[in-house]
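Enquirer: Shown below is the structure under consideration.
2 protein chains.
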Amino acid sequence: MYKTIIIKKGQAVDTRFNLKDGAGSDAVHTTPIYAYAVCKLSTDTNLEGIGLAFTLGAGNKLVCDAIDYLVRHIEGMEINSLMANFGETYKMMADDPNLRWLGPHKGVVHLALAAVVNACFDLWAKSKEVPLWKLLIDLSPEALANTLDFSYYEDILPKEEAIALLIAQQQGKQNREKILEIGYPGYDTSIGWFNYSDDKVADNIKKAMDNGFTAMKLKVGAKDAGRDIRRAALVRKIAGDKATIMFDANQQWNLPQAIAICKELRELDPFWIEEPTHPDDVQAHVKLASTVDVKLALGEHVPNKMVFKNFIQSGCMSFNQVDAVRVGGVSEFILISLLSKKYNIPVVPHVGDMGQIHQHLVLYNHVSVGHPALLLEHIPHLREHFKFPVRIENSRYQTPQEPGMSSDLLYY
Amino acid sequence: MYKTIIIKKGQAVDTRFNLKDGAGSDAVHTTPIYAYAVCKLSTDTNLEGIGLAFTLGAGNKLVCDAIDYLVRHIEGMEINSLMANFGETYKMMADDPNLRWLGPHKGVVHLALAAVVNACFDLWAKSKEVPLWKLLIDLSPEALANTLDFSYYEDILPKEEAIALLIAQQQGKQNREKILEIGYPGYDTSIGWFNYSDDKVADNIKKAMDNGFTAMKLKVGAKDAGRDIRRAALVRKIAGDKATIMFDANQQWNLPQAIAICKELRELDPFWIEEPTHPDDVQAHVKLASTVDVKLALGEHVPNKMVFKNFIQSGCMSFNQVDAVRVGGVSEFILISLLSKKYNIPVVPHVGDMGQIHQHLVLYNHVSVGHPALLLEHIPHLREHFKFPVRIENSRYQTPQEPGMSSDLLYY
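Just so you know, the protein sequences line up as chains A and B, in that order. Heads up, the first sequence is in my numbering, so the first residue is 6 and it goes up one at a time. Heads up, the second sequence is in my numbering, so the first residue is 6 and it goes up one at a time.
Right under this line is the structure:
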């Protein structure tokens, strides 16, 4: 039995946060304002569904306006019956004829979809009084598959194959549930924001290591390649040979530049190089990955399952950074995770939500989908704004126990 | 010498048009409302720049809001100095840090960019008192290249190569200018909208042929493949063996469906099959084109130069349907045309603007870029709303003579 909970009204809330002292800066965004386009679902109970999409700055308003339009599709529905066949509602929202021409399935309207979808999953978990990871892990493969929209995946991952994949992964599930006790490993993205001075980076690395982090990331993509090389070498030197280090160019290089600088950066033995060039250019990534022996991490700006399908098939993606607050929410995130598993590409999410939702999703990915428990990005800058902030101990995410997906903010 | 014209203010106008009796219907949009997100530039003279982006229905408002944000980049600028180096301003707008996270370069924000860019080109041509096609044809290759943003094209079409291509095409230019006299050939898209009855389609074909059209298009993509086959055969039968006929699925098929039905449709000798499946799925189109011997026309929903680059490189695109009111305006349209020319793929634009702007652009493409003068889509449903509507005689577009790009609407 479950509570009967009717979605009375959905509305968007435009929340923005100034960051201090260069935090959050990258090669493209030098003075970022982190923004959530929040979808808030009120119900006939005291429960609220909260779903986030992540953007930067003034454009957040556009996503909020699209949320206010999209929520009409779910107002009046009972949450458990909605989620019993959510894939169909997902497709109806994704293909809304008034918005489809604005994509399809990308940009403002797809970010709005992310927020609405996430609010539904949040409310669903709250209605069952369980954390999202537990809700997902406890679903049967069929029930999970019913929350996904397989359209245009008929040639690569039809529904029956997804269910078979999940059934096959039930072997070993109990063993993988240990992760719930030991905590999911995190890596520190905040040691090396683009605007930080070399001294500050050096200091941050030491602090991160004191806090138990053995994996960390530096922002690169400077106009002056020498700056990138110098700072990358600094990270390797201070973090030591055993540390896992990554470099993130935030799409700043064109292909010839990317090839040239990746040849130099690979000497520092990076675990991955992230977003080297334009996120729509699959073939440029194929060329880079086949020219320079580095592993590429991609997906932060890959808009939907179709482009992920092309990246996954192309062979250039070594780490899949799908982000549930950037693609069409938890539903599309899981579908992409399943396809990624079929191709044995680990999912290491970008965390536009600062890790709040993704701590649930990586647990699900590991326990039920059989992805390795590799790493989850840690960015602490917004933790004071969340009701249930991420808890990290000795660099490991502590498994959240509160009902829902932990994305409730303290104020709206 | 040219007039000095300062852009005082830019503002968006949300214009929508109901269509009657099934006109405009396709497999995805059964009751379409055609909408223009218009960017209107007021100046210190009586000239206005008018730029269009095309969408369907309620989402148009989002594009208008994004236009109102974007125009700040050009307010206060003098049009001729702006256009002398427009590629830089284009890049600045495309990469606006407040909007870039909403793409990049796709969806609502990119459609807004289209409207702003088109308004600039319109005003530029009006300032010189020439039609857009003449402005473009008379520009030197270097001056033309300065209006384009070559970023991320360094590996495939650097600026120097684009200039060299244009210089090479100066041979034969005079001969190709004959098109200005004889008019550019049109094809009729309005014979076979999705909701039209078989009888109405039959009747429309006869009317089109009476009006001199020898090329026409049918909307397919029905849930019942039998309907598609029946109607496609009807078109071939009535139009005759010599007619050029095309079938447009508006993304409705998944890959297995597309392969199955294209095998049947090819027996009717179509000139092309358009948008068979999801427009982001390059690899599905590659698979289809290599499995079934049909030519694919693609691009109506390809969002930007990067995805066009991938389609063009992939070899699956036989006809390039780039649309200047869907990608980043005239500037990105021309860049994509140049790349398409390098790969010998003809440009046959989708006309979200009903052909108003594209009649200028195909003349430029033929005369200066050396593309064949193949076909330009003709859709008459909004002609009553334009100040200088398209003039078609015996299926040929009559070369527009009014200054600008002919996209002024009668009211705003």
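For glycine and all other residues, C-beta sits at the position ideal for the given N, C-alpha and C.
To which residues of the same chain is V287 (chain A) closer than 8 Å at the C-beta, ignoring the five residues directly before and after it?
Expert: Counting only Cβ-Cβ distances below 8 Å, and skipping sequence neighbours, we find V312, N315, F316, S319, C321.
Enquirer: DSSP three-state label for C69 (chain B), please.
Expert: Correct three-state label for C69 (chain B): helix.
Enquirer: Three-state secondary structure (DSSP) at P109 (chain A)?
Expert: The answer is coil: DSSP assigns P109 (chain A) none of H, G, I, E or B.
Enquirer: With 7 Å as the C-beta to C-beta threshold (strictly closer), list the residues of the region 160-175 of chain A near chain B in chain order.
Expert: Answer set for the region 160-175 of chain A: D160.
Enquirer: By Cβ distance, which residues of its chain are closer than 7 Å to P408 (chain B), with the 5 residues on each side in sequence left out?
Expert: Correct list, in chain order: A130, K131, E134, V135, P136.
Enquirer: For the beta strand (DSSP E) containing T194 (chain B), name the first residue and the last one.
Expert: Unbroken beta strand (DSSP E) run through T194 (chain B): 189-197.
Enquirer: Short of 9 Å Cβ to Cβ, which residues in the region 60-84 of chain A face chain B?
Expert: Under the 9 Å Cβ criterion, the region 60-84 of chain A contributes T60, L61, G62, A63, G64, N65, K66, L67, V68, D70, A71, Y74.
Enquirer: Judging by CA-CA distance, which residue of B:L293, B:K8, B:S400 is the nearest neighbour of D160 (chain A)?
Expert: The option with the nearest alpha carbon to D160 (chain A) is B:L293.
Enquirer: Contact between the region 113-125 of chain B and the region 51-71 of chain B is defined here as three or more beta-carbon pairs at a separation below 8 Å; is this criterion met?
Expert: Contact holds: three or more Cβ-Cβ distances are below 8 Å.
Enquirer: Going along the region 108-123 of chain B in order, which residues come within less than 8 Å of chain A, judged by CB to CB distance?
Expert: Listed by position, the residues of the region 108-123 of chain B near chain A (Cβ gap below 8 Å) are G108, P109, H110, K111, G112, V113, V114, H115, L116.
Enquirer: Exposed or buried, which one is Y416 (chain B) when buried takes at least 16 other CB atoms within 10 Å?
Expert: It counts as exposed.
Enquirer: Thinking A289 (chain B) and L270 (chain B) are a contact (beta carbons under 8 Å), I'd like their distance in whole angstroms, please.
Expert: About 17 Å separates the two Cβ atoms, so there is no contact after all.
Enquirer: For N23 (chain A) and E272 (chain A), what's the separation of their Cα atoms in angstroms?
Expert: Distance between the alpha carbons of N23 (chain A) and E272 (chain A) is about 36 Å.
Enquirer: Is Q406 (chain B) helix, strand or coil when you go by DSSP?
Expert: Coil, per DSSP.
Enquirer: Please state the DSSP three-state secondary structure of C44 (chain B).
Expert: It is a strand residue.
Enquirer: From A220 (chain B) to N255 (chain B), what does the alpha carbon distance come to, in whole angstroms?
Expert: Near 19 Å, if we compare the C-alpha coordinates of N255 (chain B) and A220 (chain B).
Enquirer: Just how far apart, CA to CA, sit P37 (chain B) and A329 (chain B)?
Expert: Spanning the two alpha carbons is a distance of roughly 20 Å.
Enquirer: Who are F59 (chain A)'s beta bridge partners in DSSP?
Expert: The partner list for F59 (chain A) (beta bridge, DSSP) reads A:Y41.
Enquirer: Just mark A169 (chain B) as buried or exposed, buried being the case when its beta carbon has 16 or more other beta carbons within 10 Å.
Expert: Exposed, because fewer than 16 other Cβ atoms sit within 10 Å of the Cβ of A169 (chain B).
Enquirer: Tell me which residues of the region 250-266 of chain B have at least one Cβ-Cβ distance to chain A shorter than 7 Å, keeping chain order.
Expert: Answer set for the region 250-266 of chain B: N259, L260, P261.
Enquirer: Just grab the DSSP bridge partners of N349 (chain A) for me.
Expert: None, per the DSSP bridge assignment.
Enquirer: Could you run through the region 285-310 of chain A and flag, in chain order, every residue whose CB is less than 8 Å away from some CB of chain B?
Expert: Under the 8 Å Cβ criterion, the region 285-310 of chain A contributes D285, D286, V287, Q288, A289, K292, H306, P308, N309.
Enquirer: Taking 9 Å as the threshold (beta carbon to beta carbon), is Q318 (chain A) in contact with chain B?
Expert: Yes, because at least one Cβ of chain B sits closer than 9 Å to the Cβ of Q318 (chain A).
Enquirer: Just list the alpha helix (DSSP H) runs in the region 231-287 of chain A, keeping only unbroken ones of 4 residues or longer that don't cross its boundaries, in chain order.
Expert: For the region 231-287 of chain A, whole alpha helix (DSSP H) runs of length 4 or above, ordered along the chain, are 260-270.
Enquirer: Based on the DSSP output, what are the partners of K224 (chain B) in its beta bridges?
Expert: Beta-bridge pairing links K224 (chain B) to B:D253.
Enquirer: Going along the chain, which residues of its own chain have a beta-carbon closer than 6 Å to the beta-carbon of I234 (chain A), five neighbours each way excluded?
Expert: Around I234 (chain A): E269.
Enquirer: For a test of the three-state rule: what should DSSP assign to P146 (chain B), helix, strand or coil?
Expert: In this structure, P146 (chain B) counts as helix in the three-state DSSP scheme.
Enquirer: Does V332 (chain B) get closer than 9 Å to chain A when you measure Cβ to Cβ?
Expert: Taking Cβ atoms only, chain A never reaches closer than 9 Å to V332 (chain B), which makes this a no.
Enquirer: Could you tell me which residues DSSP puts in a beta bridge with P136 (chain B)?
Expert: Answer is B:G409, bridged to P136 (chain B).
Enquirer: Please report the Cβ distance between F199 (chain A) and K224 (chain A), rounded to the nearest whole angstrom; I am assuming they are in contact, meaning their Cβ atoms lie under 8 Å.
Expert: With 8 Å as the limit, F199 (chain A) and K224 (chain A) qualify as a contact, their Cβ atoms being about 4 Å apart.
Enquirer: Helix, strand or coil: which one does DSSP assign to A89 (chain B)?
Expert: Helix at A89 (chain B).
Enquirer: Would you identify the three-state DSSP class for Q364 (chain B), choosing helix, strand or coil?
Expert: Helix, per DSSP.
Enquirer: Going along chain A in order, which residues have a C-beta closer than 7 Å to the C-beta of H283 (chain B)?
Expert: Ordered by position in chain A, the residues that pass the 7 Å Cβ test against H283 (chain B) are Y157, M311.
Enquirer: Looking only at C-alpha atoms, which of B:G112, B:I84, B:R105, B:G197 sits nearest to L67 (chain B)?
Expert: If we check each option's Cα against that of L67 (chain B), B:G112 comes out closest.
Enquirer: DSSP beta-bridge partners for T20 (chain B)?
Expert: DSSP, once it has assigned bridges, lists B:Y41 as partnering T20 (chain B).
Enquirer: Mind checking who K14 (chain A) pairs with in its DSSP beta bridge?
Expert: The partner list for K14 (chain A) (beta bridge, DSSP) reads A:S47.
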